[in-house]
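Colleague: Here you go, one structure.
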Amino acid sequence: MKRFFQPIQKEGSFKKPTLSPPDTTDNTQASSNDDKNNQDPLKFLTWNANSFLLRVKNNWPEFTKFVQTFDPDVIGIQEVRMPAAGSKGAPKNPGELKDDTNASREEKRILMRAISSPPFRNYNVWWSLSDSKYAGTALFIKKCFQPKKVSFSLDRTASKHEPEGRVILAEFESFYLLNTYAPNNGWKEEENSFQRRRKWDKRIMEFVLRNSDKPLIWCGDLNVSHEEIDVSHPDFFSAAKLNGYIPPNKEDCGQPGYTLSERKRFGAILKEGKLVDAYRFLHKEKDMERGFSWSGNPVGKYRGKRMRIDYFVVSEKLKDRIVACEMHGQGIELQGFYGSDHCPVSLELSRASPDSSQS
Numbered sequence: 001m002k003r004f005f006q007p008i009q010k011e012g013s014f015k016k017p018t019l020s021p022p023d024t025t026d027n028t029q030a031s032s033n034d035d036k037n038n039q040d041p042l043k044f045l046t047w048n049a050n051s052f053l054l055r056v057k058n059n060w061p062e063f064t065k066f067v068q069t070f071d072p073d074v075i076g077i078q079e080v081r082m083p084a085a086g087s088k089g090a091p092k093n094p095g096e097l098k099d100d101t102n103a104s105r106e107e108k109r110i111l112m113r114a115i116s117s118p119p120f121r122n123y124n125v126w127w128s129l130s131d132s133k134y135a136g137t138a139l140f141i142k143k144c145f146q147p148k149k150v151s152f153s154l155d156r157t158a159s160k161h162e163p164e165g166r167v168i169l170a171e172f173e174s175f176y177l178l179n180t181y182a183p184n185n186g187w188k189e190e191e192n193s194f195q196r197r198r199k200w201d202k203r204i205m206e207f208v209l210r211n212s213d214k215p216l217i218w219c220g221d222l223n224v225s226h227e228e229i230d231v232s233h234p235d236f237f238s239a240a241k242l243n244g245y246i247p248p249n250k251e252d253c254g255q256p257g258y259t260l261s262e263r264k265r266f267g268a269i270l271k272e273g274k275l276v277d278a279y280r281f282l283h284k285e286k287d288m289e290r291g292f293s294w295s296g297n298p299v300g301k302y303r304g305k306r307m308r309i310d311y312f313v314v315s316e317k318l319k320d321r322i323v324a325c326e327m328h329g330q331g332i333e334l335q336g337f338y339g340s341d342h343c344p345v346s347l348e349l350s351r352a353s354p355d356s357s358q359s
């Protein structure tokens with residue numbers, strides 16, 4: 001999520017990604033993997049890293065320990081903020097990391113060394129990157145799980161990546177997994193602000209309705225807090241404005257992510273798409289300690305102001321399989337955020353019964 005306190009790889013059938021770390025899984029891990037072969041993932045993690053490279057440089061031991069403990073099958077990362085491959089003025093390859101300068105080669109080396117070590121060496125990784133150090137997503141999938149297809153657009157038939165690398169879509173046998181970094185609503189009625197977010201929400205709605213042949217697991221920084229219960233201070237966020245500007249439509253007033261117009265559109269996507277907010281499905285009450293995924297700067301007016309804008313949203317057909325959905329950060333001092341302004345969010349599903357039909 002944008003800090004409020006601061007003003008091709010082609011689509012196709014599964015193949016090992018170019019930048020996947022080498023498969024050095026030991027025999028013990030391989031034995032465990034054999035049990036999972038021909039099954040779909042059950043444990044998921046999503047995290048807006050607010051610069052994946054900075055997390056590798058500054059917070060990697062702690063985050064690595066967390067991943068080893070939770071042991072997710074899939075990890076969705078948003079706000080990677082690593083530039084796509086391609087020299088200045090040349091077409092970019094959003095599926096690969098930039099390495100045409102000394103600085104970019106060193107950054108790539110640091111990152112690849114980190115994800116070539118346990119536990120990340122047990123995952124294949126896909127990237128969808130922006131042209132600059134902005135936005136971008138990554139998807140880590142354990143090597144024992146092989147998606148049928150991985151694509152990078154809300155249009156499954158498109159070969160190109162979504163602008164700014166905001167989408168990675170993995171198709172498994174029994175469901176779609178959509179990892180998104182939704183654009184921030186901004187503060188004004190402009191093309192790169194309110195209008196951009198309206199277009200995004202419209203396209204998400206179209207995607208959900210168009211791809212109903214399989215259940216959906218939608219994760220990521222969705223940049224919206226659906227209900228009052230999803231923010232720490234509803235009155236503060238409702239009254240927020242930038243430099244005194246008040247939008248002409250009162251439904252566009254307030255904190256980006258908490259305007260009435262955004263919340264209504266998100267609610268419509270859930271309703272018409274027959275989708276369930278997995279965290280709220282299990283946690284009906286407001287939790288001021290662990291119920292939010294984004295926290296404001298510990299210094300200044302946003303201290304202690306928190307929002308739940310990172311989600312796992314699943315098709316209604318999957319709701320009875322939800323075992324757990326948790327925020328892994330707490331408190332205004334950002335414990336469990338690993339250097340980001342977002343904490344990881346997890347989802348666990350039970351295995352489908354042999355006689356159940358989800359599609």
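If you count by UniProt numbering, then the sequence shown holds residues 1 to 359, one letter each, in order. Note that beta-carbon positions come from the ideal geometry of N, C-alpha and C, so glycine has one too.
(1) For Phe-207, which residues from the same chain have a beta carbon less than 6 Å from its beta carbon, with the 5 sequence-adjacent residues on both sides left out?
(2) Classify Met-327 as helix, strand or coil using the three-state DSSP reduction.
(3) Between Glu-262 and Arg-196, how many whole angstroms is the CB-CB distance? I'm expecting something under 8 Å.
(4) Any idea if Ala-324 is buried or exposed, counting beta-carbon neighbours within 10 angstroms, 16 or more meaning buried?
(5) For Pro-94, report the span of its beta strand (DSSP E) as first-last.
(6) Is Ser-308 helix, strand or coil by DSSP?
(7) Report yes if the C-beta distance between His-226 and Asp-277 is below 8 Å; otherwise report no.
(8) What are the start and end residues of the alpha helix (DSSP H) that includes Val-224?
(9) List, from N- to C-terminal side, the beta strand (DSSP E) runs of 3 residues or more that fit wholly inside the stretch 99-177.
(10) If you draw a straight line from the C-alpha of Arg-303 to the C-alpha of Gly-220, how long is it?
(11) Along the chain, where does the alpha helix (DSSP H) containing Ser-261 start, and where does it finish?
(12) Tell me, please, which residues DSSP counts as bridged to Trp-200.
(13) Can you tell me whether DSSP reads Phe-44 as helix, strand or coil?
(14) Report yes if the C-beta distance between Ile-75 and Leu-111 is below 8 Å; otherwise report no.
(15) Indicate the three-state DSSP secondary structure (helix, strand or coil) for Val-299 in the structure shown.
(16) Who are the Cβ neighbours of Pro-119 in its own chain at under 8 Å, not counting the five residues just before and after it?
(17) Go through its chain and collect everything with a Cβ distance to Pro-344's Cβ below 6 Å, but skip five positions before and after it.
(18) In whole angstroms, give me the CA-to-CA distance for Leu-53 and Lys-88.
(19) Can you tell me the Cα-Cα spacing of Ser-173 and Asn-249, whole angstroms?
(20) Could you check where the beta strand (DSSP E) with Gln-78 kicks off and where it finishes?
(21) If you follow the beta strand (DSSP E) that Val-276 is in, where does it begin and where does it stop?
Modeller: Let's see:
(1) By 1-based counting over the sequence shown, the position of residue 207 is 207. Within the same chain, Phe-207 has close Cβ partners Leu-154.
(2) In the sequence shown, counting from the first residue as 1, residue 327 sits at position 327. Strand, per DSSP.
(3) The residue you call residue 262 lines up with position 262 of the sequence shown. The residue you call residue 196 lines up with position 196 of the sequence shown. In fact, because the Cβ distance is near 12 Å, the residues do not count as touching under 8 Å.
(4) Counting from 1 along the sequence shown, the entry for residue 324 is found at position 324. That one is exposed.
(5) Mapped onto the sequence shown, residue 94 falls at position 94. Segment 93-97, the beta strand (DSSP E) holding Pro-94.
(6) Translated into the one-based positions of the sequence shown, residue 308 becomes position 308. The amino acid at residue 308 is misidentified as Ser; the sequence shows Arg. Here Arg-308 sits in coil by DSSP.
(7) As a working note, residue 226 is residue 226 in the sequence shown. As a working note, residue 277 is residue 277 in the sequence shown. Yes, the pair counts as a contact, with Cβ atoms nearer than the cut-off.
(8) Working through the sequence shown from its first residue, we reach residue 224 at position 224. Premise fails: Val-224 is in no alpha helix (DSSP H) and is neither H nor E.
(9) 123-128, 137-142, 149-151 and 167-171
(10) Walking along the sequence shown from the start, residue 303 turns up at place 303. Walking along the sequence shown from the start, residue 220 turns up at place 220. One C-alpha to the other measures close to 24 Å.
(11) Counting from 1 along the sequence shown, the entry for residue 261 is found at position 261. Segment 260-272, the alpha helix (DSSP H) holding Ser-261.
(12) On the sequence shown, residue 200 is found 200 positions in, with the first residue counted as 1. DSSP lists no partner for Trp-200.
(13) Locating residue 44 in the sequence shown gives position 44, where the first residue counts as 1. In the structure shown, Phe-44 sits in a strand (DSSP, three-state: E or B).
(14) For the purposes of this step, residue 75 is taken as residue 75 along the sequence shown, with counting starting at 1. For the purposes of this step, residue 111 is taken as residue 111 along the sequence shown, with counting starting at 1. No, the Cβ-Cβ distance between Ile-75 and Leu-111 is not below 8 Å.
(15) Along the sequence shown, read from residue 1 onward, the residue named residue 299 stands at position 299. Three-state result, Val-299: coil.
(16) Your numbering for residue 119 matches position 119 in the sequence shown. Closer than 8 Å at Cβ, skipping near neighbours: Thr-64, Val-67, Gln-68 and Asp-71.
(17) Your numbering for residue 344 matches position 344 in the sequence shown. Result list for Pro-344: Leu-45, Trp-47 and His-328, in chain order.
(18) For the purposes of this step, residue 53 is identified with residue 53 of the sequence shown, where counting begins at 1. For the purposes of this step, residue 88 is identified with residue 88 of the sequence shown, where counting begins at 1. C-alpha separation (whole angstroms): 21 Å.
(19) Working through the sequence shown from its first residue, we reach residue 173 at position 173. Working through the sequence shown from its first residue, we reach residue 249 at position 249. For the sequence presented, residue 173 should be read as Glu rather than Ser. Rounded to whole angstroms, Glu-173 to Asn-249 spans 44 Å at the Cα level.
(20) Indexing the sequence shown from 1 puts residue 78 at position 78. Unbroken beta strand (DSSP E) run through Gln-78: 74-78.
(21) Reading the sequence shown from its first residue, position 276 is the one you call residue 276. Looking at the DSSP string, the run of the beta strand (DSSP E) that includes Val-276 is 275-277.
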